[in-house]
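This report concerns only the one structure given below.
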Amino acid sequence: MHALERQRKILEIIEAESFLSVDDAQRILHSSSATIRRDFALLAQQGLVIRAHGGVHSLDNAPIMGVLPFSSRKVEHPEGKDRIAKAAAGLLNDGEIVIIDGGTTTLNLARYLSPHVRVITNSLPLASALNEPANGRTSVSEVNMTGGYVYPRSEVLLGPQTVKTLLEYNANWSFIGANGVMPDGIFNSNNLVVDTQRMMVERAQHVAILIDGSKLNRPAMMKVCDLDVIDCIITDKEPPAELAEALKENGVRVIVA
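Here the sequence shown is numbered in this note's numbering, starting from 7 and rising by one per residue.
In structure tokens, the structure reads:
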């Protein structure tokens, strides 16, 4: 395939899918990784795509300081995220208090939470969904918002005010997401997100990490916490052997939904 034709095809895929990895481009375009990386570099130099780890983003869906737009994350692994959320909701008893992180996996909790739990969240979409649930479900009796800075295109509240507000709460559980789980801890890609999640971990008696299988054994920029402060990880895929052993050694229960 000629270079211009290959690059045109890359742009067509990006327009439809928002992100294209080197591996997927190799498979679709029947080209070597070196060729694909050169194409990606050239398109980025022309201002047509945004380079990212392992691939390229469309201009409208590039991460802002490590945080992908909410609309982009929402379409990734939807069935797995729904199963994860359902399993997480099953951990809660009526009357309990849960802190819920902003994210696309945790948004699915709106379908499954008992109306008799109390929620603290920094997620604008989750607060809205809990206030006006679909399918005739009863709304959750109490939803508390943290306040803070609305992070661009992420629909989540972050910053010093968010952390300060969380300090005032105590909860039975915290449900948080992550960009990566490694044998040495839980990781995310933005310092404001990490500051918020660290406080969520601190203010709860129990902590569950809700994460799809693509994030297992994947690194990210900043550590949120060590594994030994986590009670369980809920995912849609069995962890690889090295990570599974580290989770077992640290007493972390793994729930595969």
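Think of the CB as a built atom: it goes at the ideal place given N, C-alpha and C, for glycine as much as any other residue.
Just so it is clear, the structure is predicted and the values come from calculations on it, not from any experiment.
Notebook entry, point to check: Which two residues bound the contiguous beta strand (DSSP E) that contains Val149?
Noted result: Glu148 to Met151
Check: Relative to the C-alpha of Leu115, which residue among Ala263, Ala91 and Tyr175 is closest?
Finding: Minimum Cα distance to Leu115 is reached at Ala91.
Next item on the list: Please name the residue in Ile20, Leu10, His63 and Ala22 whose C-alpha comes closest to that of Thr41.
Entry: The shortest Cα separation from Thr41 among Ile20, Leu10, His63 and Ala22 belongs to Leu10.
Notebook entry, point to check: Can you name the start and end residues of the alpha helix (DSSP H) that Ser134 belongs to?
Noted result: Leu130 to Asn137
Item checked: C-alpha gap between Met7 and Glu138, whole angstroms -> 51 Å
Note to self: Taking 6 Å as the limit between beta carbons, can you name the residues of its chain near Gly219, skipping five residues before and five after?
What the structure shows: Thr241, Asp242 and Lys243
Note to self: Just to confirm before moving on: does the CB-CB distance between Val125 and Ala133 stay below 9 Å?
What the structure shows: In contact: Val125 and Ala133 (Cβ atoms closer than 9 Å).
Check: Taking the continuous beta strand (DSSP E) assigned at Ala95, which residues delimit it?
Finding: Ala95 -> not in any beta strand (DSSP E); alpha helix (DSSP H) instead, spanning Pro84 to Ala95.
Check: When you compare each of Ser38, Val55, Val28 and Asn178 to Val207 by their alpha carbons, which one comes out closest?
Finding: Asn178
Item checked: 7 Å CB neighbourhood of Ala252 in its chain, flanking five on each side removed -> Pro189 and Leu233
Next item on the list: Report buried or exposed for Ala47, applying the criterion of at least 16 other Cβ atoms within 10 angstroms of its Cβ.
Entry: exposed
Margin query: Which residues does DSSP list as the beta-bridge partners of Leu188?
Written below: Reading off the sequence, residue 188 comes out as Met, not Leu. According to DSSP, which records beta bridges pairwise, Met188 is partnered with Gly191.
Next item on the list: Take Gly270 and list the residues in its own chain whose beta-carbon comes closer than 7 Å to its own, dropping the five residues that flank it on each side.
Entry: The question about residue 270 has no answer here: the residues shown for the chain are numbered 7 through 263.
Notebook entry, point to check: Apart from the five residues on each side of it in sequence, which residues of its chain come closer than 6 Å, Cβ to Cβ, to Met151?
Noted result: Ala133
Margin query: Going by DSSP in three states, Ser39 sits in which element: helix, strand or coil?
Written below: helix
Check: Using DSSP with H/G/I as helix, E/B as strand and the rest coil, what is Ala263?
Finding: coil
Checklist line | Ala93 versus Leu216, Pro225 and Val258, residue with shortest Cα-Cα distance | finding: Of Leu216, Pro225 and Val258, the residue nearest in Cα terms is Leu216.
Next item on the list: Would you please state the rounded distance, in angstroms, between the beta carbons of Lys221 and Gly191? I believe it to be under 8 Å.
Entry: Going by Cβ atoms, the distance from Lys221 to Gly191 rounds to 13 Å, so no, they are not a contact pair.
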